[in-house]
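*Asks:* The following block contains the structure, expressed as structure tokens.
In the working numbering, the protein residues as written are 5 to 280.
What follows is the structure, given as structure tokens:
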């Protein structure tokens with residue numbers, strides 16, 4: 005009897021070992037398949053763009069001078085022109101998909117676009133989830149208010165005030181950190197309109213956007229009262245594991261800088277080189 009039990013126990017142990025080994029093998033196989041799929045996606049994105057003959061680009065179309073519609077209704081702007089030149093150097097057509105800023109990241113996640121061209125600030129928290137090209141513009145945040153507002157003189161003064169901001173932007177974060185209540189807008193133009201209507205007290209925005217706006221509307225009743233010390237860079241944004249496409253875009257940007265094309269585009273929009 006004892007001998008039979010011993011034999012049964014040995015068989016049970018052997019069976020459990022086989023099951024355990026199979027489970028480990030299945031897990032390893034699944035992990036290998038995931039790696040293969042991930043690698044395939046990484047390798048295929050640039051190929052897909054070239055095979056399709058176009059690169060899908062998410063942008064607002066409401067953020068002058070970076071991405072907006074001119075008087076004829078054509079989509080234009082610094083980011084638009086830069087992205088079109090990059091696409092040209094990749095040998096494909098730039099096809100823009102316009103969407104509101106607050107829905108743009110979700111659109112990228114859902115693969116509605118291959119990249120975003122919309123002055124997206126390169127930040128550590130975003131880099132954890134997304135890939136970025138090299139920075140193509142450097143800017144500083146400015147605090148803007150109405151010309152007749154003499155109470156706001158520094159970022160610290162906006163605590164408890166209403167700030168017109170794109171809710172998920174760098175500038176929205178700055179306003180929130182300084183204690184302001186955010187009022188959501190679709191772009192700089194709407195921020196200025198709300199300031200003029202006294203529906204908000206301030207907006208934090210890009211110094212380059214402000215300068216461009218004042219160039220076209222010098223009588224606008226707004227003013228800059230403070231400038232942030234830290235400069236930030238913006239770049240084209242991609243889904244994670246877009247390595248080959250990012251590398252190709254970076255090469256195109258470098259070539260544009262080296263041959264003077266970038267400077268030409270920059271001076272057209274801002275009157276100076278805004279790379280650094």
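Glycine is no exception: its CB is placed at the ideal position from the N, C-alpha and C atoms.
May I ask you to report which of helix, strand or coil DSSP gives residue 93?
*Replies:* For the purposes of this step, residue 93 is taken as the residue at position 89 of the chain shown. Here residue 93 sits in helix by DSSP.
*Asks:* State the beta-bridge partners of residue 60 as determined by DSSP.
*Replies:* Locating residue 60 in the chain shown gives position 56, where the first residue counts as 1. 99, per the DSSP bridge assignment.
*Asks:* By the three-class DSSP mapping on this structure, what secondary structure does residue 1 have?
*Replies:* Outside the displayed span of the chain (5 to 280) sits residue 1, for which this structure offers no information.
*Asks:* Assign residue 233 to one of three DSSP states: helix, strand, or coil.
*Replies:* Taking the first residue of the chain shown as 1, we reach residue 233 at position 229. Annotated three-state conformation of residue 233 is strand, per DSSP.
*Asks:* If you reduce the DSSP assignment to three classes, tell me which class residue 109 lands in.
*Replies:* On the chain shown, position 105 is the one that residue 109 refers to. Residue 109 falls in the helix class under three-state DSSP.
*Asks:* For the beta strand (DSSP E) containing residue 156, list its first residue and its last residue.
*Replies:* As a working note, residue 156 is residue 152 in the chain shown. Unbroken run through residue 156: none, as it is neither H nor E.
*Asks:* Whose CA, out of 83, 50 and 244, lies closest to the CA of residue 272?
*Replies:* The residue you call residue 272 lines up with position 268 of the chain shown. Per the Cα distances, 83.
*Asks:* Below 8 Å, how does it come out for the region 137-144 and the region 182-200: are there three or more Cβ pairs, yes or no?
*Replies:* The region 137-144 is not in contact with the region 182-200.
*Asks:* Can you grab the Cα-Cα spacing for the pair residue 60 / residue 87, in whole Å?
*Replies:* The count along the chain shown starts at 1 and reaches residue 60 at position 56. The count along the chain shown starts at 1 and reaches residue 87 at position 83. Going from the Cα of residue 60 to the Cα of residue 87 covers about 10 Å.
*Asks:* Just to confirm, are residue 116 and residue 62 a CB contact at a threshold of 8 Å?
*Replies:* Looking up residue 116 in the chain shown gives position 112. Looking up residue 62 in the chain shown gives position 58. Result yes, Cβ atoms of residue 116 and residue 62 sit closer than 8 Å.
*Asks:* Which stretch, first to last residue, makes up the beta strand (DSSP E) that contains residue 207?
*Replies:* Taking the chain shown and counting its residues from 1, the one referred to as residue 207 is at position 203. Element bounds for residue 207: 206-210.
*Asks:* Go ahead and pull the three-state DSSP assignment for residue 143.
*Replies:* By one-based count along the chain shown, residue 143 stands at place 139. Correct three-state label for residue 143: strand.
*Asks:* Taking the alpha carbon of residue 103 as the reference point, which residue from 71, 280 and 75 has its own alpha carbon closest?
*Replies:* Residue numbering aside, residue 103 sits at position 99 when the chain shown is read from its first letter. Nearest of 71, 280 and 75 to residue 103, Cα basis: 71.
*Asks:* DSSP puts residue 278 in a beta bridge; with which residues?
*Replies:* In the chain shown, residue 278 corresponds to position 274, counting from 1. Per DSSP, none; premise fails for residue 278.
*Asks:* Where does the unbroken beta strand (DSSP E) through residue 123 begin, and where does it stop?
*Replies:* By one-based count along the chain shown, residue 123 stands at place 119. Residues 119-125.
*Asks:* Looking at residue 188 and the ligand FMN, is the gap between the Cβ and the nearest heavy atom below 7 Å?
*Replies:* This structure does not include the ligand FMN; it has no bound ligands of any sort.
*Asks:* Based on the DSSP secondary-structure assignment, which residues constitute the bridge partners of residue 166?
*Replies:* Walking along the chain shown from the start, residue 166 turns up at place 162. DSSP output for residue 166 lists 185 as bridge partner(s).
*Asks:* From what residue to what residue does the alpha helix (DSSP H) around residue 258 run?
*Replies:* Along the chain shown, one-based indexing puts residue 258 at 254. Taken as a continuous stretch (DSSP letters only), the alpha helix (DSSP H) holding residue 258 covers 247-262.
*Asks:* Quick one: residues in its chain with C-beta nearer than 7 Å to the C-beta of residue 224, no 5 flanking neighbours on either side, listed in chain order?
*Replies:* If you number the chain shown from 1, residue 224 lands on position 220. Contacts found: 196, 217 and 218.
*Asks:* DSSP three-state call for residue 268: helix, strand or coil?
*Replies:* Stepping through the chain shown from its first residue, residue 268 is reached at position 264. DSSP, read as helix, strand or coil, puts residue 268 in helix.
*Asks:* Using DSSP bridges, identify the partner residues of residue 79.
*Replies:* The residue you call residue 79 lines up with position 75 of the chain shown. Partner(s): 73.
*Asks:* Roughly how many whole angstroms lie between the Cα atoms of residue 206 and residue 251?
*Replies:* As a first step, residue 206 must be located in the chain shown, where it is residue number 202. As a first step, residue 251 must be located in the chain shown, where it is residue number 247. About 39 Å.
*Asks:* Are the beta-carbon atoms of residue 3 and residue 66 separated by less than 8 Å?
*Replies:* Beyond the ends of the chain as shown, which are 5 and 280, falls residue 3; an answer cannot be given.
*Asks:* For residue 350, does the count of other Cβ atoms within 10 angstroms reach 16, so buried, or fall short, so exposed?
*Replies:* The structure shown has nothing for residue 350, since the chain only spans 5 to 280.
*Asks:* DSSP has residue 67 in a bridge; who is on the other side?
*Replies:* For this step, residue 67 is matched to residue 63 along the chain shown. As DSSP reads the structure, residue 67 sits in a beta bridge with 71.
*Asks:* Is it right to say residue 213 is buried, meaning 16 or more other beta carbons lie within 10 angstroms of its own, or is it exposed?
*Replies:* The residue you call residue 213 lines up with position 209 of the chain shown. It is buried - the Cβ of residue 213 has at least 16 other Cβ atoms within 10 Å.
*Asks:* One question on the structure: do residue 199 and residue 235 come within less than 8 Å of each other, judged by their Cβ atoms?
*Replies:* Reading the chain shown from its first residue, position 195 is the one you call residue 199. Reading the chain shown from its first residue, position 231 is the one you call residue 235. With contacts defined as CB atoms closer than 8 Å, residue 199 and residue 235 fail to qualify as a contacting pair.
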